[in-house]
Amino acid sequence: MLEQALQKHFGYTSFRTGQKEVIEQLLAGRDVIALLPTGMGKSMCYQLPAYLLDGPVLIVSPLLSLMQDQVDQLKQFGEKRVVALNSFLTAEQKRYALHFLHQYRFIFASPEMLMQPQVKERLRAIRLGLIVADEAHCISQWGFDFRPDYLRLGEIIPKHNKPPILALSATATQTVLQDIERYLHMQSPFYFLHSVNRPNIHLAKRFFQQKDDKINWILEHVQTTDGPGIIYTQSRSKTETLSMALLERGIAAAAYHAGKEAEDRQFIQQQFLVGKLEWIVATNAFGMGVHKGDIRQVIHEFMPANIANYMQEIGRAGRDGQPAVATLLYADGDEQFSQFIVTEDLPKMQHIEHYLANGDHPMRMLDAGEISETAFRVLHYWMQQESSEAVQKRLQQMEMDKYKAVHEMLQIVQATDCMRERLVNYFGQQLAEKTPNCCQNCGLVFEEILSAKQTVEEPEKILTWQERLQRILLSSLR
DNA sequence: CGCCCCTCCTGTAGAGGAGGGGCGGTGCGCTACT
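Sequential numbering from 140 applies to the first sequence in my numbering.
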């Protein structure tokens, strides 16, 4: 009985939606793609099978912080045979881990680590019980133009005696599902697809003439309504200026983006989690692996570059099932910047020419500063896959696809019919029933969803950066 | 591509406008240097 195993290893008496179906298929040796909302116990889908299958379970994870969370969680359940293969390990630790790799029950690793020759070789030598792609939409979302090692995951999947493959995600379009299936070499996988609709997230939008009006609206709105919430903006500098402006108005807010030190990012996320920060002003760096149930608002100061990003970002609200509001702000022409930012770092025609001109030493382009590291890695990957003519075509196609994705998002912004229905249809699903206060176009009364701020909080003392730094350092020592 | 910031120009005083330059998202692992 699966329930008995669940009770024995994890102390739970019953499964949550989808878990049992997914686990049964995996135990029968079948590949599985499972789309489950975050917070619905996705990780149990591989945690329990790890105790019922022979051989270690390999979990491919996109973020080091995510790996660390999962490792900590398993250790809390008393599991000691866990390892995270990543750059936090010293050379000695890594050698040890690789040598005893077959003895672990859970092996976490990034795609990049898995592509290292000595890791690949070691994996070939042991028999895995299960291979898991966590946040599997990353294969499609990041593989083609950002982290190409995601497209190479098939290289670590054995051709003979293949273990079952499990792909986990919260949101995936039909195209993304196809990419997952293809790049993980899946064989007629079992699909468990939960609805992408989140009825408790109400969809608001606001139009503005001037870009500054959006900022003024946010400042006003955040002072009169309750968080906790996330404000997504397009640039790192804007997260800083906006969070400062909120801080000056007595709102406990902080900026979050990839330019910050890892330690600061972790600290800010932690403060938000425990409720010491009410608002996070962030780039799209913020979100994955943030398990906070009571996020009441997500505000997009800028339209996301595609619908999938929008769904992921608003999906961080209301995980506790209580009402939440997602507000999308738009000023004329916003889409032009989105188009620029998503295509700016793609390799260009002249990069292909220089790549070819450098012959056996394409790395010279990097040393010469002709190309960014990301763009080089992407270009290098594709040049090894296909002819330069094909790469050129592919890059042009990628650019067109990015423009198309921005346009699709713009259509959601400009639509005058039900936003929810459009979003759900975009993911190839149908809307089962109407939601009260569904979206801006169906009619939405903010006051009916979230109560206005009852009490004006004591304005926090405005700190200089030295005081803020000191506070951060002191808190992290605790 | 569009915004912001800085400098320069004008024509002899001060400020406003033109024009140039920089900047702009997402993460892994690794290396060289502080």
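Glycine is no exception: its CB is placed at the ideal position from the N, C-alpha and C atoms.
Please read these numbers as outputs of a predicted model, since none were measured by experiment.
Between the alpha carbons of Asp471 and Leu562 lies a gap of roughly 22 Å.
Annotated three-state conformation of Ile319 is helix, per DSSP. In the DSSP secondary-structure assignment, Val545 is not bridged to any residue. When Ala311, Arg291 and Arg404 are compared, the shortest CA-CA separation from Val199 is found for Arg291. When secondary structure is reduced to three states using DSSP, Thr482 falls in the helix class. Val196 places its beta carbon 8 Å or farther from that of Arg155. Secondary structure remark: continuous beta strand (DSSP E) runs of at least 3 residues inside the segment 210-239, in chain order: 221-224. In the structure shown, Ala189 falls within a helical segment according to DSSP collapsed to helix, strand and coil.
In this structure Asn300 is exposed. Its beta-carbon is surrounded by fewer than 16 other beta-carbon atoms within 10 angstroms. Around Glu160, the same chain offers Phe331 as residues with beta carbons nearer than 6 Å, after the five sequence neighbours per side are excluded. DSSP places Val171 within a strand segment (E or B) once states are collapsed to three.
Your pair Leu262 and Ile304 does not check out as a contact, with CB atoms roughly 14 Å apart and the cut at 8 Å. Following the DSSP letters along the chain, one finds His276 inside the alpha helix (DSSP H) bounded by residues His276 to Gly282. Per DSSP, Gln436 is one residue of the beta strand (DSSP E) stretching across Gln436 to His439.
Put simply, of Leu589, Gln579 and Ala384 the residue whose alpha carbon is nearest the alpha carbon of Ala343 is Gln579.
According to the DSSP assignment, Thr466 belongs to the beta strand (DSSP E) that extends over Ala463 to Ala470. Residue environment: Gly457 is assigned as buried (16 or more neighbouring CB atoms within 10 Å of its CB, all protein chains considered). A straight line joining the alpha-carbon of Gly282 with that of Asp288 spans about 7 Å. Under the three-state reduction of DSSP output, Ser204 falls in the helix class.
For Cys581 and Thr555, the gap between their C-alpha atoms comes out near 9 Å.
Selection Thr177, Leu187 and Lys147 evaluated against Glu163 yields Leu187 as nearest (Cα-Cα). In this structure, DSSP gives Thr380 a helical state, which the three-state scheme calls helix.
Assigned with DSSP and collapsed to three states, Cys184 falls in helix.
Proximity to Tyr469 across Ser327, Asn576, Tyr542 and Gln373 peaks at Gln373, based on C-alpha coordinates. In chain order, His341, Pro462, Val464 and Asn576 place their CB closer than 6 Å to the CB of Ile588, counting only its own chain and leaving out the 5 sequence neighbours on each side. According to DSSP, Trp418 shares a beta bridge with Gly368 and Ala392. If you draw a 10 Å sphere on the C-beta of Gln280, you find 16 or more other C-beta atoms in it, and that means buried. Counted as a single uninterrupted DSSP element, the beta strand (DSSP E) harbouring Leu305 occupies residues Ile304 to Ser308. Just measuring C-alpha positions, the residue of Lys399, Ile172 and Gln326 sitting nearest Asp273 is Ile172.
According to the DSSP assignment, Val517 belongs to the alpha helix (DSSP H) that extends over Glu512 to Gln524. Judged by their CB atoms, Ile453 and Glu547 are not nearer to each other than the 8 Å cut-off. Straight-line measurement puts the Cα of Leu267 at about 22 Å from the Cα of Phe149.
For Ala264, the secondary structure class from DSSP, reduced to helix, strand or coil, is helix. Ranked by Cα distance from Phe285, the first of Phe566, Leu518, Glu387 and Asp365 is Leu518. Using a 10 angstroms sphere on the CB of Val413, the tally of other CB atoms stays under 16, which defines it as exposed.
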